[in-house]
Amino acid sequence: MKKHLKIKDIILVVLILLVAGGAWLLHEVLKDAGSGVAVIRVNGEIEGTYPLSEDREISINGGTNILRIRNGKAKMIEADCPDQLCVNQRAVSADNESIICLPNKVIVEIQSRQESEYDAVTN
Ligand SMILES: [Zn+2]
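Residue numbers (full-length UniProt numbering): 1 to 123.
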C-alpha cells in the first residue's frame, strides 16, 4: 500500500510539473511570436486582421494577392500585378512595417498587438 501511494505521489508531481511547464512554454511562445497582427487593407478598407502568431496563407482581394504568415512574419507570396514589387518585398514583422501592392491597391501593415487589442477592449 505504501509503495502504491508513493508512485501516485510521484505521478501527481510529474503531472503538475508538466502542466506548469506547458503553461509557461505557451506563454513564452505567445509572447514572442504573437507580438503583432497583419492588417490587410484593400482600396483603403480593412479586409482582415490576422495574428502573426498563427501560420497561414491568406487570399486577398478575391485572390489577386496571397499573403503568407509564417514564423511571426508576413510575406506576399503571390500576386497578379504586372510589377511584382509586393512579391519581391522582404517579409515584414515589426510594428508599422508594410507591404504595398499599388496596382491592386492592397496594403498589408504590421501593428503591434498591444495597441490594437487594448483599443478593441476599451472601446
Ligand atoms: Zn503587387
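C-beta atoms are modelled at their ideal positions from N, C-alpha and C, and glycine is treated no differently.
1. Give me the Cα-Cα distance between leucine 15 and lysine 75, rounded to the nearest whole angstrom.
2. Just the C-alpha distance for lysine 105 and leucine 17, rounded to the nearest angstrom, thanks.
3. Quick check on the DSSP output: the alpha helix (DSSP H) that includes cysteine 86 runs from which residue to which?
4. What separation, rounded to the nearest whole angstrom, lies between the Cα atoms of arginine 90 and isoleucine 11?
5. Would a C-beta distance cut-off of 7 Å place isoleucine 66 and glutamate 78 closer than the cut-off?
6. Among residues of its own chain, excluding the 5 on either side of arginine 68, which ones have a beta-carbon nearer than 6 Å to its beta-carbon?
7. Considering just the uninterrupted stretch of the beta strand (DSSP E) at serine 59, what are its terminal residues?
8. In three-state terms, what does DSSP make of glycine 22?
9. Which same chain residues, not among the five before or five after serine 59, have their C-beta less than 7 Å away from its C-beta?
Answer, in terms of the structure:
1. Along the sequence shown, one-based indexing puts residue 15 at 15. Along the sequence shown, one-based indexing puts residue 75 at 75. Their backbone Cα atoms lie some 40 Å apart in a straight line.
2. Within the sequence shown, numbered from 1, the residue matching residue 105 stands at position 105. Within the sequence shown, numbered from 1, the residue matching residue 17 stands at position 17. If I take the Cα positions, the gap works out to 51 Å.
3. Working through the sequence shown from its first residue, we reach residue 86 at position 86. First-last of the alpha helix (DSSP H) with cysteine 86: 85 to 88.
4. Numbered from 1 along the sequence shown, position 90 holds the residue referred to as residue 90. Numbered from 1 along the sequence shown, position 11 holds the residue referred to as residue 11. Take the alpha-carbon of arginine 90 and the one of isoleucine 11: they are about 49 Å apart.
5. Along the sequence shown, read from residue 1 onward, the residue named residue 66 stands at position 66. Along the sequence shown, read from residue 1 onward, the residue named residue 78 stands at position 78. A contact, by the Cβ cut-off of 7 Å.
6. Along the sequence shown, read from residue 1 onward, the residue named residue 68 stands at position 68. Listed in chain order, the non-local C-beta contacts of arginine 68 below 6 Å within the same chain comprise Glu57, Lys75 and Ile77, local neighbours out to five positions each way being set aside.
7. Within the sequence shown, numbered from 1, the residue matching residue 59 stands at position 59. In the DSSP assignment, serine 59 falls within the unbroken beta strand (DSSP E) covering 56 to 60.
8. The residue you call residue 22 lines up with position 22 of the sequence shown. Reduced to three states, the DSSP call for glycine 22 is helix.
9. For the purposes of this step, residue 59 is identified with residue 59 of the sequence shown, where counting begins at 1. Excluding positions up to five away in sequence, the list reads Ile66.
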